[in-house]
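Structure, as structure tokens:
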Amino acid sequence: MKPRVLIADDDSTIRALVEATVQNSGLECRVVGNGTEALETVREWHPDAAVLDVNMPSLNGFEVLTSLRQDPLTRDIRVILLTARQQETDVIRGFGLGADDYVIKPFSPMELIARLKRLIGTTP
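Residues in the sequence shown are numbered from 805 upward in steps of one, following the numbering used here.
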């Protein structure tokens with residue numbers, strides 16, 4: 805079974821780019837456009853990892869991450885925050901809330917995949 809990755813970003817261009825890169829890397833993925841959809845999809849689909857934008861409507865990536873870490877059923881999902889927010893306080897907040905990695909936009913899709921595969925234990 806292929807590892808499952810959820811992509812949550814309100815920017816359709818970023819979603820399409822990350823989705824294509826993830827699928828071309830042999831991983832299964834689903835994409836959503838906001839934090840509420842991200843939590844619903846996690847609970848229904850049970851991904852191995854999630855790539856979350858911080859700035860999303862309804863619930864932001866920090867709020868989704870907090871919710872995932874507080875739920876015993878989702879706390880072990882690997883989470884990469886993918887965001888344009890590069891202030892030190894944002895990076896520290898992300899790791900403090902339990903992010904496994906923090907990638908700043910603009911980003912290299914192949915580097916994102918390498919980080920993702922490292923987190924879920926597949927070969928890069």
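Note that beta-carbon positions come from the ideal geometry of N, C-alpha and C, so glycine has one too.
Indicate whether MET860 and GLY830 have their beta-carbon atoms separated by less than 7 Å.
The sequence position of residue 860 within the sequence shown is 56, counting from 1. The sequence position of residue 830 within the sequence shown is 26, counting from 1. Cβ distance not < 7 Å, so MET860 and GLY830 don't count as in contact.
Can you give me the C-alpha to C-alpha distance between ASN864 and MET805, rounded to a whole angstrom?
Counting from 1 along the sequence shown, the entry for residue 864 is found at position 60. Counting from 1 along the sequence shown, the entry for residue 805 is found at position 1. In a straight line, the C-alpha of ASN864 is about 30 Å away from that of MET805.
How would you call THR893, buried or exposed, if buried means at least 16 neighbouring beta carbons within 10 angstroms?
Here residue 893 refers to the residue found at position 89 of the sequence shown. Exposed, by the Cβ-count rule.
Do you know offhand how far ASP880's Cα is from PHE899's?
As a first step, residue 880 must be located in the sequence shown, where it is residue number 76. As a first step, residue 899 must be located in the sequence shown, where it is residue number 95. When rounded, the distance between both Cα atoms is 15 Å.
ARG873 by DSSP, collapsed to three states: which one?
Locating residue 873 in the sequence shown gives position 69, where the first residue counts as 1. Helix.
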